[in-house]
Every structure is written in structure tokens, then in C-alpha cells.
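Numbering (our numbering), first residue to last: 4 to 298.
Yeah, the Cβ is synthetic: ideal placement off N, Cα and C, and Gly gets one too.
Just so you know, these numbers come straight off a predicted model, no measurement behind them.
Remarks on the structure that follows.
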Amino acid sequence: MVVFDFVRHAQGYHNLSADNLNMPDPNLTPLGEEQCADLRRRYAHHDRVRLFVASPLRRTLRTCLLAFGPEAAAAATAAAAAEAVAPAAPTYPENLRVVALPELQEVSSLPSDVGSAPAVLHTEFAAEPVDLSRVQHGWNHKGLGSPYECTIDKLEARGRAARRNLRALAAGLDADDRVVVVSHGGFLHFLTEDYDGIAPSRGTSWKNAECRSFEFVDPTGADEDARLRETDASRQARRGTATGLTQAEQLELRAVYYEFLMEEVEKVAREGVAVQFESDYATTVGQREVEAQRA
């Protein structure tokens, strides 16, 4: 069965302080780049990866490129040559690209969690093996009516949509292939529906550049919710011999997390620090479609 290696992005500048949450779409810090190099060395399945998928924010795309992409392979080869040892990562096929998937973006509408415009990303990543074809106008609109709005219903629906998209992207891969998916600490809980280790005072139980492995519960693809489960090897690497959470315990932790998240959303609204969108999602996207037709 295909294994999905989910990764939280490495440290970004917004992770350094609460004030930095006001930074629009921040990049990785120098420590974040070091974390990517460490992940590149630790990851044991480079030769089995057949697909890379990442949130279209800068920090997730950069994490994927630095830890797994051509830059990672080149760095590993250079380090190996200097130390006269075998490369830590192979050179991936030239046609292997990072698929930017908007459904994987982070939860909130803080400036640090709102992505850049498609034109900006196309310019910044023009020389990189990144497929931005799914990143359309409106992908970074998280206001009223948007599928990316920060409400529990929308986030659960987006988690389900992301799982189904990943399943579709991986269709046709061999059973021993792997898929690398780079996303964000908050959204990874909605994506995996796993709340193990989360604390009420934090938005995630995932560390920067942490990797956990999952597979689909139903290998036939008939499950409309596309449920995932963590592999035994991944859970044991994190938790040792500790027994996994029961469904009731997962639901209890989820309720606590949802309460925390909605309190944070209300706090952000009171303080007026979230990105303000001039019009609702349908109007914004509709206006662009009209402009495109006139052009």
C-alpha cells in the first residue's frame, strides 16, 4: 500500500515570535533551512518517493524543495563527495515536480497564514520544479464564503477534499511507492484526523520538520471520506510501545482542539490582526473571471 509521509514545514520567521505572525507569507529561517538538511539526512525512503505535494505557501514549498527536491539531491551529493561516502539522497527523475495543492494551506487568516498571489509565486518559483497549475486566483482568499474560511465545517471539508485529492494524485502508483506531503501544523490535524499529543495551549502537536507516515484505511478508494491511519512503524517511532488512542479519546481531544481554535479565531477578530478581504469569495473570484473574459 502506498505510504504518505506527511511533513510539517521547517521553522519560518513567523515561528520566532507572536509579532511575526503579522508577516505576510514568511519564508524559512536559517534554522529552518538547517532543519530541512537534517530531515534530508534522516529520511530513509528517498529512492521510493514518486510524488511530492505541498501547500503553496513559501515555507512549505521551500521545505519540500530543500529536504527532498533537486537542491536536496545536489547538497547530498556535494556532502558525500567531500566526505568520500555514498550520497544520502539520490537524484530524482527530471520530470518529478512539487505539486502545489491549495487545500493544504494553513488554518488561520493571519498574514503569516495567507499565501501570496499566483503571479508572485510563478515569479519566485519560475526556476524551481514546482507545478503551480492548481493555484488559481482566489486560493488565498479566506474570507466569507471561501472554502478556505476558518470555520470548523470548512476545515473538516477541506481536510476531506485534500485527502481525496491526494488519493487521486497517487492513483496508479505501486504498492511500495511513497508520497511526500508538506503542510502546516494546524491543518495537519484536519488532514489526518489525528489529535495525538496535542495540548490545549498549542495549535499543533507537530514539531517543525517532523515527519509522520500514514496510509489510507480503505485501499480500494471507495471510502468517500478517504480516512487515513498512521502506520505502526511511524507511531512506534514517535510513541514507542505506548498504546494508540481509542476513537473516543481522539474525539475528546478533537473537541478540546476545536474549542481552542475557535477561541483563537475570536481573539484574532477582536484584535483586528487578521487579513481583511474587501469582498466575499464569490465576488472576488467572479470579478476575476469577468476580467479574464474581457481580456
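Quiz item: Taking only runs of the beta strand (DSSP E) that begin and end inside the stretch 216–294, which ones reach a length of at least 3 residues, in chain order?
Solution: 231–233
Exercise. Note down, one range per segment and in chain order, each beta strand (DSSP E) of at least 3 residues found wholly within the stretch 7–63.
Key: DSSP runs (the beta strand (DSSP E)) wholly in the stretch 7–63: 52–57.
Exercise. Please state whether DSSP places R181 in a helix, a strand or coil.
Key: Along the sequence shown, read from residue 1 onward, the residue named residue 181 stands at position 178. Looking at R181 - three-state DSSP - the assignment turns out to be strand.
Practice problem: Leaving aside the five residues before and after A70 along the sequence, list all residues of the same chain whose C-beta is less than 6 Å from its C-beta, in chain order. | Solution: Here residue 70 refers to the residue found at position 67 of the sequence shown. Within the same chain, A70 has close Cβ partners C39, L42, R43.
Quiz item: Would you report the Cα separation of L176 and V52, rounded to the nearest angstrom?
Solution: Here residue 176 is taken as the residue at index 173 of the sequence shown, counted from 1. Here residue 52 is taken as the residue at index 49 of the sequence shown, counted from 1. So the two alpha carbons sit approximately 10 Å from each other.
Quiz item: T249 CB to nearest chain B CB: under 8 Å?
Solution: As a matter of chain content, chain B is missing from the structure shown, which is built from one protein chain.
Quiz item: How far does the alpha helix (DSSP H) with A171 in it reach, from first residue to last?
Solution: Along the sequence shown, one-based indexing puts residue 171 at 168. Start and end: 155–172.
Quiz prompt | C-alpha gap between T246 and D197, whole angstroms | solution = Counting from 1 along the sequence shown, the entry for residue 246 is found at position 243. Counting from 1 along the sequence shown, the entry for residue 197 is found at position 194. When rounded, the distance between both Cα atoms is 14 Å.
Practice problem: Can you have a look at Q250 and say buried or exposed, based on whether 16 or more other CB atoms are within 10 angstroms of its CB? | Solution: On the sequence shown, residue 250 is found 247 positions in, with the first residue counted as 1. So Q250 ends up on the exposed side.
Quiz item: P90 by DSSP, collapsed to three states: which one?
Solution: Stepping through the sequence shown from its first residue, residue 90 is reached at position 87. Per-residue confidence for P90 stands at a pLDDT of 46, beneath the threshold of 50, marking its modelled position as unreliable; the derived number appears in the next sentence. The answer is coil: DSSP assigns P90 none of H, G, I, E or B.
Quiz item: Near S216, what residues of its chain come up, given a Cβ to Cβ distance below 6 Å and the 5 sequence neighbours on each side ignored?
Solution: Position 213 of the sequence shown, counted from the start, is the residue given in the question as residue 216. Excluding residues within five positions, the ones whose Cβ falls inside 6 Å are V6, D8, T234, S237.
Quiz item: Is the Cβ-Cβ distance between F2 and Q139 less than 8 Å?
Solution: No answer is possible for residue 2: the residues shown for the chain start at 4 and end at 298.
Exercise. On the DSSP bridge assignment, give the partners of C214 in chain order.
Key: The residue you call residue 214 lines up with position 211 of the sequence shown. Answer by DSSP bridge pairing, in chain order: V10.
Quiz item: In the DSSP assignment, what are the bridge partners of S186?
Solution: As a working mapping, residue 186 is identified with position 183 in the sequence shown. Answer is R11.
Self-check item: Alpha carbon of R257 to alpha carbon of T207, nearest angstrom
Solution: Walking along the sequence shown from the start, residue 257 turns up at place 254. Walking along the sequence shown from the start, residue 207 turns up at place 204. If I take the Cα positions, the gap works out to 11 Å.
Quiz prompt | Cut-off 8 Å between Cβ atoms - residues of its own chain near N25, not counting five sequence neighbours on either side | solution = Counted from its first residue, the sequence shown places residue 25 at position 22. Answer for N25: L113, P114, S115, V276, listed in chain order.
Quiz item: Roughly how many whole angstroms lie between the Cα atoms of V183 and G15?
Solution: Taking the sequence shown and counting its residues from 1, the one referred to as residue 183 is at position 180. Taking the sequence shown and counting its residues from 1, the one referred to as residue 15 is at position 12. For V183 and G15, the distance between alpha carbons rounds to 19 Å.
Quiz prompt | A160 versus P132: straight-line alpha-carbon distance, rounded | solution = As a working mapping, residue 160 is identified with position 157 in the sequence shown. As a working mapping, residue 132 is identified with position 129 in the sequence shown. Computed Cα separation, rounded: 29 Å.
Quiz item: Which residue from R137, E36, L194, E127 puts its Cα closest to that of H12?
Solution: Stepping through the sequence shown from its first residue, residue 12 is reached at position 9. Taking only the C-alpha atoms, the option nearest H12 is E36.
Practice problem: Can you tell me which of A173, F219, R163, R170 puts its alpha carbon nearest to the alpha carbon of N193? | Solution: To locate residue 193, count along the sequence shown from 1; it is residue 190. For clarity, residue 193 is Phe in the given sequence; the question names Asn instead. Here the closest residue by C-alpha is R163.
Exercise. Select from A212, A225, F280, L231 the residue whose C-alpha is nearest the C-alpha of C341.
Key: Any answer about residue 341 is impossible in this case: the structure gives the chain only from 4 up to 298.
Exercise. Determine the DSSP secondary structure at A122, reduced to helix, strand or coil.
Key: To locate residue 122, count along the sequence shown from 1; it is residue 119. Three-state DSSP puts A122 in a helix.
Self-check item: Helix, strand or coil at D134 [DSSP, three-state]
Solution: Reading the sequence shown from its first residue, position 131 is the one you call residue 134. D134 falls in the strand class under three-state DSSP.
Quiz prompt | A129 to L158 span [Cα, whole Å] | solution = Within the sequence shown, the letter at position 126 stands for residue 129. Within the sequence shown, the letter at position 155 stands for residue 158. In a straight line, the C-alpha of A129 is about 30 Å away from that of L158.
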